[in-house]
Structure formats: structure tokens, C-alpha cells
Ligand code: SAM
């Protein structure tokens, strides 16, 4: 018969589960040290959040979202943001088009940070430059305080989530979301491309047929820092994102990418670029 080694190799080929579990466990362990304040400081202050230059990464992200929501086509009752982290910039254009924004994160420290911002507690991160900038590029002359108030009012549910579970919220969202947004989450919590693709399919199940999905994320990144934590990231190419969207049953509507300029390579990660994808779940047959 076959030797032990051959049998073991065949077993591994059939069932990659033990290996996948251990690398997922490593990602989870990494997030135990995630420091929201350090993460915000690394990514959401100058030079990355420099509003004097449209070529800078944060204004690029905000413009992708503002332009996409400006069509008026993406709207409804509920938008769910997956892996919100301690940030709200990704919701600023979205919040005008939905009655409710559901924010989610795996970590309690991030959900707490969002809750404190939504309640207007003192000492939270200052998002006002982001809100001002979005009001400016949306060009409706809206006072930024009005947008801040609207987002706070619509951010009513901040839920725990794990994108590695087939049912990421632990129970189906009822009714399912009219739109799905996720920024820099799936690739930052997945040990490999297969795990990224599965996570995308899991979160896709939260969206109603015909609903829109907007993804922002890192290209070619292998790690990022958030205080003492060094988080592994699956380095994605543009085609990995397109392939995962197609595999999860989405039709691609728009795809854009941004090349990280050398001046923004600050050592807090090794990101090569950023992608933006707008996709749509086909309407029910
Ligand atoms: N969306 C924010 C942004 O655009 O800056 C935060 C992105 S941060 C790179 C990745 C987020 O994924 C963190 O907030 C982390 O807590 C969250 N996360 C970690 N493990 C997760 C999991 N299994 N499911 C969902 N989110 C997870």
C-alpha cells in the first residue's frame, strides 16, 4: 500500500483546513494588538491625508466614493460597511443616499471608537478636515456640520463581524443591505487569495440581489503597522480583485487604481497602490 508520507500528502491535498486554520489564527492573534489611535495616526493625518493635493491618496479615495455616489443610482434603506475599523471617512458620501448606515468591525476597541465619535464625545479623532473636503468636492455648498450631523444620526448600528464566517454577522441581516461598502478590510484579514475570495463571497451574502458593492483596498501590500501590531496582508494584484468579484457572482461596473507615490511610502506599510471597485449583484432571476 501507500507509505505514510504519500497518505499524509494526499490527505493534505484533499483537506487544506488545518493549514488554513492556523494562518487565520495568526491573523486573529495579530489583531489583538491593533491600536486604533496608532492606525489613525499612520493613515489619516498628513502626508497621506493632505487635502491641498488631489494627487494624495486620501483625497483620491474620497473622490472615488463621491463620484460614484453622485450618479444617484446607489441608494436605499440600508448600507452596510464591512470592517469599518475606527474610521468614518468612507461613509461621508454614502450617508446622503441611505436611511441607515450599519458599521461593523471584528474588534471591540474599533466599535467603541466609532460609538464615541457617533455620540460626539470629546477626544475622538478629528474627521472635520475630511468632512469639509467631501462637502467641497460634492459641490453642493453644504455646510460640513450638516453632513457630520446627518452621518451621526444615520449611524445607529455598530455590529461585531467576522468575514471568515459564512454568516459574518452571526445571523442574516434582515432585510438584506441595499449596498455594501468595505475599505481595506478583506485583504488585511486574509492569509491568502483564496481566503480573500471566500471572505468576499461571505460578505456578499449580506447584500440583496441587484445591490451595489463598493470596495477600496490595498494592492501589493504584505503588512501594515498599527502600534505594536504588525498585521500581515495578502498582496493582491488588480486581477485578483476582479477574479474574486466575478467568483462571488458580482458584475464589475467600474475599476480604478492608484499608484502610491514615493513620498507617501512612510514605512507604516509596504502598500504599492490602491484599488477601487464598483460591482453589482445580479438581480434575482
Ligand atoms: N475600514 C477602515 C479603513 O478604511 O481604514 C479600517 C481598515 S483596517 C486596515 C482592517 C480592519 O479589519 C480593522 O478594523 C480590523 O479590526 C478589521 N478586522 C480584523 N479581522 C476581521 C475579521 N475577521 N472580520 C472583519 N473585520 C476584521
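Numbering (the numbering used here), first residue to last: -8 to 276. Backbone N, C-alpha and C define an ideal beta-carbon position, used for all residues, glycine too. In this text, all values refer to a predicted model and were calculated from it rather than measured experimentally.
Does the beta-carbon of residue i, which I'm using as the reference point, lie nearer than 7 angstroms to any heavy atom of the ligand SAM?
| i | result |
| --- | --- |
| residue 262 | no |
| residue 153 | yes |
| residue 227 | no |
| residue 75 | yes |
| residue 180 | yes |
| residue 32 | no |
| residue 136 | no |
| residue 59 | no |
| residue 25 | yes |
| residue 231 | no |
| residue 249 | no |
| residue 96 | yes |
| residue 271 | no |
| residue 257 | no |
| residue 78 | yes |
What three-state label does DSSP hand residue i in the structure shown?
| i | result |
| --- | --- |
| residue 40 | coil |
| residue 144 | helix |
| residue 280 | Nothing about residue 280 can be read from this structure; the chain reaches only from -8 to 276. |
| residue 214 | strand |
| residue 75 | coil |
| residue 3 | Unreliable positioning characterises residue 3 in this predicted model, as indicated by a pLDDT of 46, which lies under 50. The coordinate reading is nonetheless provided below. DSSP places residue 3 in helix when its eight states are reduced to three. |
| residue 96 | strand |
| residue 151 | strand |
| residue 228 | coil |
| residue 81 | helix |
| residue 279 | Outside the shown range of the chain (-8 to 276) lies residue 279, about which nothing can therefore be said. |
| residue 160 | coil |
| residue 30 | helix |
| residue 114 | coil |
| residue -8 | With a pLDDT of 38 at residue -8, under the threshold of 50, the predicted position of this residue should be treated as unreliable, and no value is reported. |
| residue 299 | With the chain covering only -8 through 276, there is no way to say anything about residue 299. |
| residue 104 | helix |
| residue 121 | helix |
| residue 126 | helix |
| residue 35 | coil |
| residue 256 | coil |
| residue 132 | coil |
| residue 21 | helix |
| residue 181 | coil |
Among all the DSSP beta bridges, which residues are the ones paired with residue i?
| i | result |
| --- | --- |
| residue 247 | 267 |
| residue 261 | In the DSSP output, where bridge partners are listed per residue, residue 261 has none listed. |
| residue 89 | 67 |
| residue 204 | 171 and 270 |
| residue 198 | 168 |
| residue 223 | 214 |
| residue 242 | 271 |
Tell whether a beta-carbon distance below 8 angstroms holds between residue i and residue j.
| i | j | result |
| --- | --- | --- |
| residue 210 | residue 144 | no |
| residue 207 | residue 174 | yes |
| residue 154 | residue 194 | yes |
| residue 97 | residue 22 | yes |
| residue 202 | residue 162 | no |
| residue 107 | residue 115 | yes |
| residue 56 | residue 77 | no |
| residue 239 | residue 192 | yes |
| residue 225 | residue 275 | no |
| residue 280 | residue 160 | Missing from the structure shown is residue 280; the chain here goes from -8 to 276 and no further. |
| residue 244 | residue 270 | yes |
| residue 74 | residue 95 | yes |
| residue 216 | residue 180 | no |
| residue 262 | residue 212 | yes |
Is residue i a contact residue of the ligand HEM, with contact defined as CB to any heavy atom under 7 angstroms?
| i | result |
| --- | --- |
| residue 175 | Judged by which ligands are present, the ligand HEM is missing from the structure shown, whose ligands are the ligand SAM. |
For chain D, check one thing: does any of its Cβ atoms lie closer than 8 angstroms to the Cβ of residue i?
| i | result |
| --- | --- |
| residue 256 | Considering every chain present, this structure includes no chain D. It has just one protein chain. |
Under 8 angstroms, with one C-beta from each stretch per pair, do the region 48 to 55 and the region 145 to 153 reach the 3-pair mark?
Inter-segment contact for the region 48 to 55 and the region 145 to 153 is absent: fewer than three beta-carbon pairs are separated by less than 8 angstroms.
Could you tell me whether the region 161 to 172 touches the region 56 to 74, where touching means 3 or more Cβ pairs closer than 8 angstroms?
By the Cβ rule, the region 161 to 172 counts as touching the region 56 to 74, because three or more pairs are nearer than 8 angstroms.
Contact between the region 89 to 106 and the region 24 to 35 (3+ Cβ pairs under 8 angstroms):
Enough Cβ pairs lie closer than 8 angstroms, so yes.
Using 8 angstroms as the cut-off, can you tell me whether the region 122 to 137 makes contact with the region 79 to 97, which would need three or more C-beta pairs spanning the two stretches below that distance?
Yes, the region 122 to 137 is in contact with the region 79 to 97.
Does the region 182 to 190 come within contact of the region 247 to 261, defined as at least 3 CB pairs closer than 8 angstroms?
Put simply, the region 182 to 190 does not touch the region 247 to 261. Fewer than three CB pairs are less than 8 angstroms apart.
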